[in-house]
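Okay, so here's the structure we're looking at.
Protein chains: 2
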Amino acid sequence: MTSDFSQFSNSTFLQACLGLATPYTPMWLMRQAGRYLPEYKATRAKAGSFMGLATNREYATEVTLQPLDRYDLDAAILFSDILTVPDAMGLGLSFETGEGPKFSSPIRDEAGVDKLEVPDMGKLQYVFDAVSSIRKALVQDGKQRVPLIGFSGSPWTLACYMVEGGGSDDFRLVKSMMYARPDLMHRILAINADAVAAYLNAQIDAGAQAVMVFDSWGGALSHAAFAQFSLAYTRRVLTQLKRTDSAGNIVPRIVFTKGGGLWLEAMRDLPCEVIGLDWTCSLSSARNMLHGTGKALQGNIDPNILFAPPEAIYQEVGAVLADFGAPHTGQGAGQTHIFNLGHGISQFTPPEHVTALVQAVKTQSRAMRAPAR
Amino acid sequence: MTSDFSQFSNSTFLQACLGLATPYTPMWLMRQAGRYLPEYKATRAKAGSFMGLATNREYATEVTLQPLDRYDLDAAILFSDILTVPDAMGLGLSFETGEGPKFSSPIRDEAGVDKLEVPDMGKLQYVFDAVSSIRKALVQDGKQRVPLIGFSGSPWTLACYMVEGGGSDDFRLVKSMMYARPDLMHRILAINADAVAAYLNAQIDAGAQAVMVFDSWGGALSHAAFAQFSLAYTRRVLTQLKRTDSAGNIVPRIVFTKGGGLWLEAMRDLPCEVIGLDWTCSLSSARNMLHGTGKALQGNIDPNILFAPPEAIYQEVGAVLADFGAPHTGQGAGQTHIFNLGHGISQFTPPEHVTALVQAVKTQSRAMRAPAR
């Protein structure tokens, strides 16, 4: 397997995913296309609703590119939602204003599980159409500006929403099923894993150049349950993924378990190229823990730093870069860092503070690579 | 310093706090007096409101003893709320139905911090009265049934509520202040720490026989911020605490940081006898990490196990006990375990499942200590 970076104006993100040295630490932001941007709100208003936005290829393309036009980011990420797959399974997704996602037909019992199956990927065609459309829109002067990341929720994270019927503080319903009827939970997770694998492979076919699995709720599990009910099924997804796109380029796999810093040892042999981290975990200790695995690290500044003034942002960026430590600068593969937030950006973020963040990362990470004089 | 256990019918909890062997693993449950118990709801209805309950010594005594009458638990914990201290600071605590705690005068700026001071402990006399009253009520046939635990929120956890004005999903306001004006945050935390120390010392004077610091929101911080803004001030509390009660008995100090499993290394030298853990952290790895510190471990079953049938509860209890590993059975001090949930019990818990939990812990932990035949 090889990778041809010549099609890109900026391939630093993909290079770092593969452990290759870059002139600075590449970066993107989880939920970089979103409500903190006035231009996003304008498109959202035109679309009428969140799902109206996500299911329309022109709108999805428009909002995916908005943060790239405003900031010097090194990757685009498909604008979509992690709950498209259970929606395609027939659970009836809706977003009520200020309420978060809701499923009209949550899975609560064996009869519900009996009806569940890997959905026809045709029902998710709007996502794959958006991926193709974004890929085209990313081309400028004959080159692709930056790579495009596709994504999905993890099998466990999807199951949380599918059983709870929406967000949850305590995961009482999904954990009740897990503890009382582990057999049912394993059936849901197996279906979810195969659905997520098919979904991500179809995104790769449509043009996604890296894929990310968001295990947003893995951290709600006990250490033992995490291994059994989340990590095992994330692994089942990863092992089914296409390793290259149609042109033969490697498609890096990123796994992010929010609150998963305690379990890095268990993730050492996960078949992926990048591990995402939240801010609770020190990058230097994660780097030590994953040393020798060839895995890059992605993260992990607290998104709330974006409410502080630029000088504080600059300082905290410096602390995160220093925590990762000396960048890989040699030939061949080494341990690399992709800068990101430790969680999605807040809708209340002042957009100009993101400018300060991006500048702080670029400036300081270039300086760390400058030859000593 | 010594401890006289002869005043107790059951002193297993205090013994385990001090690293001494017990015939089984002692246990209590965070929020054991609470809404899942019908008898609690009856008292709460008589009291009219949550604060009406917490501020009345008879009611507070009544509900503190309710779980002990129903279950074979090894400790009582003062019925109160972690927000009594900021309420005494004048922030105006109220509990709206289904809304959680609210402060009418949250701290949002320098002017608010300027007005903040360690409150007159007289304003918290109702708490100390409850402690004395509970101590008396615990005496049966001339002996105290079990020891009484006093508690407080940690300085950082109190600050979260004081700045946010209530609960929060993202801690945006308190972290904005922390990142933008660390000087103000340090001022709040120093006042909180001294207030919490005075509060816990007054609880000890009134009869608390162990004290616990609940750092419920420490886990929301980055690893670096946790050390600076939470752990440092928990330490400031601990170092000011009385080491013995008026009779000269050691008063063990328990520290519980929800989501703090990643930071046990930093807690190794914390001046306390017991470290509480949530379910994300393996007890065996925590035991290894804290080996040689003399610290006991408290925790850590997922409270959602209580929604599963008794057989599943029995099995999961076995897994938690086995995770801690071989109990300390020798003379003198060793590494001990106090069984607990990894978080407060859910209001939706079926009370009879708690019976199953207690039986499972007692039976299996006794069997683990039985001499091999």
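Sequence order for the protein chains is A and B. Under the numbering used here, residue 373 is the last one in the first sequence; the count climbs by one each step, no gaps. Under the numbering used here, residue 1373 is the last one in the second sequence; the count climbs by one each step, no gaps. Cβ atoms here follow ideal geometry from the backbone N, Cα and C, with glycine treated the same way.
Would you mind sorting residue i into buried or exposed? The rule is 16 or more other CB atoms within 10 Å of its CB.
i: residue 8 of chain A; result: buried
i: residue 69 of chain A; result: exposed
i: residue 1268 of chain B; result: exposed
i: residue 337 of chain A; result: buried
i: residue 164 of chain A; result: buried
i: residue 1258 of chain B; result: buried
i: residue 1288 of chain B; result: exposed
i: residue 1002 of chain B; result: exposed
i: residue 1347 of chain B; result: exposed
i: residue 1136 of chain B; result: exposed
i: residue 252 of chain A; result: buried
i: residue 1291 of chain B; result: exposed
i: residue 1295 of chain B; result: buried
i: residue 1247 of chain B; result: exposed
i: residue 1239 of chain B; result: exposed
i: residue 1302 of chain B; result: buried
i: residue 1219 of chain B; result: buried
i: residue 278 of chain A; result: buried
i: residue 225 of chain A; result: buried
i: residue 1142 of chain B; result: exposed
i: residue 1316 of chain B; result: buried
Whole angstroms are fine: how far does the CA of residue j sit from the CA of residue i?
i: residue 371 of chain A; j: residue 16 of chain A; result: 20 Å
i: residue 340 of chain A; j: residue 1037 of chain B; result: 45 Å
i: residue 197 of chain A; j: residue 242 of chain A; result: 9 Å
i: residue 203 of chain A; j: residue 128 of chain A; result: 6 Å
i: residue 1187 of chain B; j: residue 1095 of chain B; result: 27 Å
i: residue 1031 of chain B; j: residue 1345 of chain B; result: 6 Å
i: residue 1314 of chain B; j: residue 180 of chain A; result: 12 Å
i: residue 1123 of chain B; j: residue 1195 of chain B; result: 12 Å
i: residue 26 of chain A; j: residue 333 of chain A; result: 16 Å
i: residue 374 of chain A; j: residue 58 of chain A; result: Past the edges of chain A, shown from 1 to 373, lies residue 374 of chain A, and the structure says nothing about it.
i: residue 14 of chain A; j: residue 1087 of chain B; result: 53 Å
i: residue 91 of chain A; j: residue 350 of chain A; result: 35 Å
i: residue 1205 of chain B; j: residue 1274 of chain B; result: 21 Å
i: residue 1169 of chain B; j: residue 1369 of chain B; result: 43 Å
i: residue 1064 of chain B; j: residue 1075 of chain B; result: 10 Å
i: residue 1071 of chain B; j: residue 1237 of chain B; result: 32 Å
i: residue 35 of chain A; j: residue 66 of chain A; result: 11 Å
i: residue 1265 of chain B; j: residue 1322 of chain B; result: 23 Å
i: residue 293 of chain A; j: residue 207 of chain A; result: 27 Å
i: residue 1010 of chain B; j: residue 1148 of chain B; result: 11 Å
i: residue 228 of chain A; j: residue 222 of chain A; result: 10 Å
i: residue 139 of chain A; j: residue 130 of chain A; result: 15 Å
Can you tell me whether residue i is helix, strand or coil according to DSSP?
i: residue 1215 of chain B; result: strand
i: residue 1208 of chain B; result: coil
i: residue 1255 of chain B; result: strand
i: residue 296 of chain A; result: strand
i: residue 139 of chain A; result: strand
i: residue 270 of chain A; result: coil
i: residue 291 of chain A; result: coil
i: residue 353 of chain A; result: helix
i: residue 1002 of chain B; result: strand
i: residue 244 of chain A; result: strand
i: residue 117 of chain A; result: coil
i: residue 1107 of chain B; result: coil
i: residue 346 of chain A; result: coil
What does residue i touch in chain B if you count any residue whose Cβ is under 9 Å from its own?
i: residue 57 of chain A; result: By Cβ distance, chain B contributes nothing, its closest Cβ being about 31 Å from residue 57 of chain A, past 9 Å.
i: residue 96 of chain A; result: Those do not exist, as residue 96 of chain A stays about 17 Å from chain B at its closest Cβ, beyond 9 Å.
i: residue 13 of chain A; result: Simply none; closest approach about 24 Å.
Are there any heavy atoms of the ligand MN lying less than 6 Å away from the beta-carbon of residue i, as far as the coordinates show?
i: residue 1305 of chain B; result: Inclusion of the ligand MN in the displayed structure is not the case, the ligand content being empty and no account of it being possible.
Who are the neighbours of residue i on chain A, taking C-beta pairs under 9 Å?
i: residue 1262 of chain B; result: 261, 262, 280, 281, 282 and 285
What residues from chain A crowd round residue i, counting only those whose CB sits closer than 7 Å?
i: residue 1305 of chain B; result: 179
i: residue 1219 of chain B; result: 280
Going along chain B, which residues have a C-beta under 7 Å from residue i?
i: residue 172 of chain A; result: 1304, 1307, 1346 and 1348
i: residue 312 of chain A; result: 1179 and 1180
Listing by chain order, which chain A residues have their CB less than 8 Å from the CB of residue i?
i: residue 1176 of chain B; result: 304, 307 and 308
i: residue 1224 of chain B; result: 282, 319 and 323
Exercise. Does the pairing of the stretch 1109 to 1117 of chain B with the stretch 1049 to 1062 of chain B give three or more beta-carbon distances under 8 Å?
Worked result: no
Exercise. Taking one C-beta from the stretch 1361 to 1371 of chain B and one from the stretch 1319 to 1335 of chain B each time, how about it: are there three or more such pairs within less than 8 Å?
Worked result: The answer is yes - the stretch 1319 to 1335 of chain B touches the stretch 1361 to 1371 of chain B, with three or more Cβ pairs under 8 Å.
For this session: Answer yes if the stretch 1223 to 1238 of chain B comes into contact with the stretch 1153 to 1168 of chain B, meaning at least three C-beta pairs across the two stretches below 8 Å, and no otherwise.
Result: yes
Exercise. Are the stretch 1303 to 1310 of chain B and the stretch 161 to 176 of chain A in contact at 8 Å, needing three or more beta carbon pairs?
Worked result: yes
For this session: Pair every Cβ in the stretch 340 to 356 of chain A with every Cβ in the stretch 43 to 50 of chain A, then say whether three or more of these pairs are closer than 8 Å.
Result: no
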